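In this note's numbering, the protein residues as written are 59 to 296.
Virtual Cβ for every residue (Gly too), placed ideally from N, Cα, C.
Predicted model, so just to flag it, every value in this text is computed and none were measured.
Below is one structure; the comments refer to it alone.
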Ligand SMILES: [Zn+2]
């Protein structure tokens, strides 16, 4: 019985390690979260570029408007100072037109200046966002590569250990193995504990001295009265 329990203890160790490996596999960063951030950054960058194109168009429109106004103003100024118009009423009308156009031109020039500044700010913003996006894409590639390599390594370790575990489990009597599985299922993956002192390592409760004596004799598989786990007392150790 003692030897069977020693093998079952190896099975238990494999089960604990398998749980750790499976948890590590599930816990690997898939990069999905970062991928969502990359997608969002791409979207934002697209919006920024579109906004920039809009500002460029506004600026071209204003530029054209400015030229038209300036041409008009030049035309009126030509008439005003050309000497062909002499009627004072007409001259004062022309003067008023020129003044109005100058104010208009001033407004468009102010607007153009604002648009120039906006264009610069947008270019800088776009460039910064492009840099950030490139960094994120680089990080994403690294995370995905790591997920790939660490994932395949873990899967291989798990497969190998599962095979070893299965071979070991095959050396344990089916009754005892079934009993172990039942206890392990309800006891947090710990169905058998190795006793080295006077307490149960599974629940930290003191084991009765009577039980300890029977454990030492090693003739049957005993369980902790408190937590129900199988107790393995290695021979030659105390
Ligand atoms: Zn216990």
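Does the stretch 130–140 come close enough to the stretch 204–213 to have 3 or more Cβ pairs within less than 8 Å?
Contact fails: fewer than three Cβ-Cβ distances are below 8 Å.
Taking 7 Å as the cut-off, decide whether the C-beta atoms of residue 279 and residue 269 are in contact.
Sequence index remark: in the chain shown, residue 279 carries index 221 (1-based). Sequence index remark: in the chain shown, residue 269 carries index 211 (1-based). Cβ atoms of residue 279 and residue 269: not closer than 7 Å.
Specify, as a first and last residue, the run of the alpha helix (DSSP H) that residue 134 falls within.
In the chain shown, residue 134 corresponds to position 76, counting from 1. Run containing residue 134: 90–140, per the alpha helix (DSSP H) assignment.
Output needed for residue 181: all residues of its chain with C-beta closer than 8 Å, excluding positions within five of it in sequence on either side, in chain order.
Within the chain shown, residue 181 is the residue found at index 123, counting from 1. Cβ within range, chain order: 110.
Tell me the rounded alpha-carbon separation between residue 258 and residue 77.
Locating residue 258 in the chain shown gives position 200, where the first residue counts as 1. Locating residue 77 in the chain shown gives position 19, where the first residue counts as 1. Near 22 Å, if we compare the C-alpha coordinates of residue 77 and residue 258.
Taking DSSP's pairing of strands, which residues face residue 290 in a bridge?
Translated into positions along the chain shown, residue 290 becomes position 232. In the DSSP output, where bridge partners are listed per residue, residue 290 has 252.
Short of 8 Å in beta carbon distance, which residues of its chain neighbour residue 120, apart from the five on each side in sequence? Order them along the chain.
Within the chain shown, numbered from 1, the residue matching residue 120 stands at position 62. Same-chain partners within the cutoff: 166, 169, 170, 173.
Is any heavy atom of ligand 1 found at a distance shorter than 6 Å from the C-beta of residue 260?
Position 202 of the chain shown holds residue 260. Yes, Cβ of residue 260 sits closer than 6 Å to a heavy atom of ligand 1.
In the DSSP output, what is residue 264 paired with across the bridge?
Residue 264 sits at position 206 when you count from the first residue of the chain shown. 257, per the DSSP bridge assignment.
Helix, strand or coil for residue 86? Go by DSSP, reduced to three states.
Against the chain shown, residue 86 aligns to sequence position 28. Three-state result, residue 86: coil.
Please work out which residues of its chain come closer than 7 Å, Cβ to Cβ, to residue 149, disregarding the five sequence neighbours upstream and downstream, and give them in chain order.
On the chain shown, position 91 is the one that residue 149 refers to. Correct list, in chain order: 138, 143.
Label residue 73 either buried or exposed according to how many other C-beta atoms from any shown protein chain fall within 10 Å of its C-beta, with 16 as the threshold for buried.
Within the chain shown, the letter at position 15 stands for residue 73. When all chains shown are included, residue 73 counts as buried.
For the pair the stretch 224–240 and the stretch 93–104, tell me if three or more CB-CB distances fall below 8 Å.
As far as the Cβ criterion goes, the stretch 224–240 does not touch the stretch 93–104, which means the pair count is below three.
Counting along the chain, where does the alpha helix (DSSP H) carrying residue 157 start and finish?
Taking the first residue of the chain shown as position 1, residue 157 is located at position 99. Segment 146–227, the alpha helix (DSSP H) holding residue 157.
Near residue 238, which residues of its chain fall below 8 Å by C-beta distance, leaving aside the five closest residues on each side in sequence?
Position 180 of the chain shown holds residue 238. Excluding residues within five positions, the ones whose Cβ falls inside 8 Å are 66, 69, 70, 230, 249, 250, 288.
Relative to the C-alpha of residue 242, which candidate in 260, 122, 161, 59 has its C-alpha closest?
Within the chain shown, residue 242 is the residue found at index 184, counting from 1. Cα-wise, what sits closest to residue 242 is 260.
In whole angstroms, what is the alpha-carbon distance linking residue 81 and residue 245?
Taking the chain shown and counting its residues from 1, one reaches residue 81 at position 23. Taking the chain shown and counting its residues from 1, one reaches residue 245 at position 187. Residue 81 and residue 245: Cα-Cα distance of roughly 18 Å.
Rounded to whole angstroms, what is the Cα-Cα separation between residue 123 and residue 204?
Taking the first residue of the chain shown as 1, we reach residue 123 at position 65. Taking the first residue of the chain shown as 1, we reach residue 204 at position 146. Going from the Cα of residue 123 to the Cα of residue 204 covers about 57 Å.
Could you tell me whether any non-hydrogen atom of ligand 1 is closer than 6 Å to the CB of residue 247?
Residue 247 sits at position 189 when you count from the first residue of the chain shown. Flag unset: Cβ of residue 247 not near ligand 1.
Shortest alpha-carbon distance to residue 92 belongs to which of 262, 193, 216?
To locate residue 92, count along the chain shown from 1; it is residue 34. Ranking the options by Cα distance to residue 92, first place goes to 193.
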